[in-house]
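Enquirer:
Protein chains: 2
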Amino acid sequence: MGRWQPDAQGRFVRAALELFAEHGFEATTVAEIAARAGLTERTFFRYYTDKREVLFDGQDMFADALVSGIREAPADAAPVDAVAAALVSVGELFPPERHAFARTRQRAIEANPALGERELGKLAASAAAMAQALRDRGVAEPTASLAAELGMVALRVAFARWTAGDGERTLTELMTEALAELRATAA
Amino acid sequence: MGRWQPDAQGRFVRAALELFAEHGFEATTVAEIAARAGLTERTFFRYYTDKREVLFDGQDMFADALVSGIREAPADAAPVDAVAAALVSVGELFPPERHAFARTRQRAIEANPALGERELGKLAASAAAMAQALRDRGVAEPTASLAAELGMVALRVAFARWTAGDGERTLTELMTEALAELRATAA
């Protein structure tokens with residue numbers, strides 16, 4: 179087998195999600211993921227340190243989308259409106275054709291506390307990146323961090339709704355709605 | 179050595195925090211924690227499944243304080259005001275004499291991503307308990323969950339400020355302030 183495998187990461191991710199859905203996260207081994215993907219364990223460990231990491235691929239792209247959204251918001255946008263722009267920007271990463279995949283991933287995460295903790299850690303890192311992007315626009319603390327936290331709550335709530343449903347409404351719509359609801363609750 | 183050890187949990191927690199501060203979390207073993215506490219590894223595993231759990235003792239008391247605060251809030255309190263009462267209630271668990279302990283714990287958690295993830299998971303479970311307590315008061319969704327999430331952001335921010343500082347201001351003051359700032363940011 180050659181060293182380079184076309185779409186190795188995509189194959190590992192799909193194989194892992196199938197196996198997690200069939201047997202649960204705990205019962206699935208890296209050997210099984212590699213076999214299902216038609217690749218070797220050695221190739222697996224070239225991309226990931228453990229089976230948890232397979233589910234957190236694309237994390238950098240996610241944080242980058244949030245940061246770009248804030249950078250590209252109008253200069254006079256209020257902090258929470260810049261955060262709303264960040265959510266729209268991240269929504270573009272999750273078009274309708276990613277709904278089935280996102281739903282399987284969310285179920286694996288909700289079924290396993292260690293995965294849920296990892297997810298929260300990754301989202302907290304994304305919130306920190308948003309806060310930094312707000313400070314780079316001149317937003318002072320504590321407003322920068324708090325606006326980023328509000329955005330992350332809206333994103334989490336919307337993501338849970340999107341993956342619980344059948345995908346009829348877009349993630350972007352649901353995030354915009356969740357942020358408006360959060361602001362109304364805080365008022 | 180007898181089976182019962184006075185204040186075994188308190189001794190394990192203090193020993194673990196000392197060792198985490200001295201050598202870091204990763205480099206500290208359960209054997210070392212037990213030795214420092216003057217107890218056996220066997221006794222350690224009677225209380226905890228692993229060394230991470232030592233830092234998350236008292237989690238039930240924490241969630242219970244939040245829930246009681248919501249239950250005891252005036253019947254006509256707005257959801258976010260019931261959450262403010264929950265924060266005051268949890269503040270009573272952290273009097274000034276717990277500041278040094280809380281600071282050491284917070285530093286151990288901030289220095290280790292896996293501990294940070296566990297902390298976020300525990301806080302998410304407490305937010306879910308608050309949301310349930312709000313629903314029990316007749317607060318509808320999504321307001322119940324969103325008000326609980328707002329409270330948890332305020333609690334996290336205030337806890338970071340309390341443990342970063344010298345303890346001059348109380349945790350309760352800092353939580354009340356953080357919730358007010360969050361509401362102003364959302365407005």
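Order-wise, the sequence lines are chains A and B. Quick note, the first sequence lines up with residues 179 to 365 if you use the working numbering. Quick note, the second sequence lines up with residues 179 to 365 if you use the working numbering. C-beta: ideal position from N, C-alpha, C; glycine also.
1) From what residue to what residue does the alpha helix (DSSP H) around residue 359 of chain B run?
2) Mind listing which residues of the region 299-311 of chain A have their C-beta closer than 7 angstroms to chain B's C-betas, in chain order?
3) What are the start and end residues of the alpha helix (DSSP H) that includes residue 238 of chain A?
4) For the alpha helix (DSSP H) holding residue 191 of chain A, just list the boundary residues, first then last.
5) Does any C-beta atom of chain B lie closer than 8 angstroms to the C-beta of residue 354 of chain A?
6) Check each candidate in A/197, A/216, A/355 and A/231 and name the one with the smallest Cα separation from residue 263 of chain A.
7) The alpha helix (DSSP H) that contains residue 225 of chain B, what's its start and end?
8) Could you name the residues of chain B that residue 363 of chain A contacts, counting a contact when the two beta carbons are closer than 7 angstroms?
9) Would the region 283-301 of chain A and the region 275-287 of chain B be scored as touching if the rule is three or more Cβ pairs under 8 angstroms?
10) Taking just the CA atoms, how far does residue 338 of chain B sit from residue 291 of chain B?
11) So with Cβ pairs under 8 angstroms, would you call residue 230 of chain B a contact of chain A?
12) With three or more C-beta pairs closer than 8 angstroms as the rule, is the region 211-226 of chain B touching the region 268-282 of chain B?
13) Does any C-beta atom of chain B lie closer than 8 angstroms to the C-beta of residue 370 of chain A?
14) When you check each C-beta in the region 259-276 of chain A against every C-beta of chain B, which residues fall closer than 9 angstroms?
15) Tell me whether the beta-carbon of residue 217 of chain A lies closer than 8 angstroms to the beta-carbon of residue 189 of chain A.
16) At which residue ranges does the region 241-319 of chain A contain complete alpha helix (DSSP H) runs of 4 or more residues, listed in the order of the chain?
17) Which two residues bound the contiguous alpha helix (DSSP H) that contains residue 233 of chain B?
18) Just tell me which of A/205, A/340, A/253 and A/241 has its CA closest to the CA of residue 317 of chain A.
19) Does the Cβ-Cβ distance between residue 244 of chain A and residue 364 of chain B come in under 8 angstroms?
20) Could you tell me whether the Cβ of residue 291 of chain A comes closer than 8 angstroms to any Cβ of chain B?
21) Label residue 240 of chain A either buried or exposed according to how many other C-beta atoms from any shown protein chain fall within 10 Å of its C-beta, with 16 as the threshold for buried.
22) At the 8 angstroms Cβ level, is residue 295 of chain A part of the contact set with chain B, yes or no?
23) Under a CB-based cut-off of 8 angstroms, is residue 245 of chain A close to chain B?
24) Along the chain, where does the alpha helix (DSSP H) containing residue 327 of chain A start, and where does it finish?
25) Could you round the C-beta distance between residue 357 of chain A and residue 265 of chain A to whole angstroms and report it? I think they count as a contact, below 8 angstroms.
26) Any idea what DSSP makes of residue 204 of chain B, helix, strand or coil?
27) Tell me which residues share the same chain as residue 222 of chain A and place their Cβ nearer than 7 angstroms to its Cβ, disregarding the 5 neighbours each side in the sequence.
28) Taking Cβ-Cβ distances shorter than 9 angstroms, what residues in chain A pair up with residue 331 of chain B?
29) Using 8 angstroms for Cβ pairs, my map puts residue 267 of chain B next to residue 247 of chain B. What's the rounded Cβ distance?
30) If we count the other Cβ atoms within 10 Å of its Cβ and call it buried at 16 or more, is residue 206 of chain A buried or exposed?
Expert: On the basis of the supplied data:
1) 349-364
2) 299 and 302
3) Following the DSSP letters along the chain, one finds residue 238 of chain A inside the alpha helix (DSSP H) bounded by residues 237-250.
4) 186-201
5) no
6) A/355
7) For residue 225 of chain B, the enclosing alpha helix (DSSP H) starts and ends at 219-225.
8) 257, 258, 321, 324, 325 and 328
9) By the Cβ criterion, the region 283-301 of chain A is not in contact with the region 275-287 of chain B, since fewer than three pairs of Cβ atoms, one from each stretch, lie closer than 8 angstroms.
10) One C-alpha to the other measures close to 16 angstroms.
11) no
12) no
13) No information on residue 370 of chain A is available, as it lies outside the stretch 179 to 365 that chain A covers here.
14) For the region 259-276 of chain A, the set of positions with a beta-carbon nearer than 9 angstroms to some beta-carbon of chain B is empty.
15) yes
16) 257-269, 277-288 and 291-314
17) That residue, residue 233 of chain B, is in no alpha helix (DSSP H); it is neither H nor E in DSSP.
18) Ranked by Cα distance from residue 317 of chain A, the first of A/205, A/340, A/253 and A/241 is A/253.
19) no
20) yes
21) buried
22) By this cut-off, residue 295 of chain A is an interface position.
23) no
24) Its alpha helix (DSSP H) spans residues 321-342.
25) 7 angstroms
26) coil
27) 190, 208, 211 and 212
28) 324, 327, 328, 330 and 331
29) 3 angstroms
30) buried
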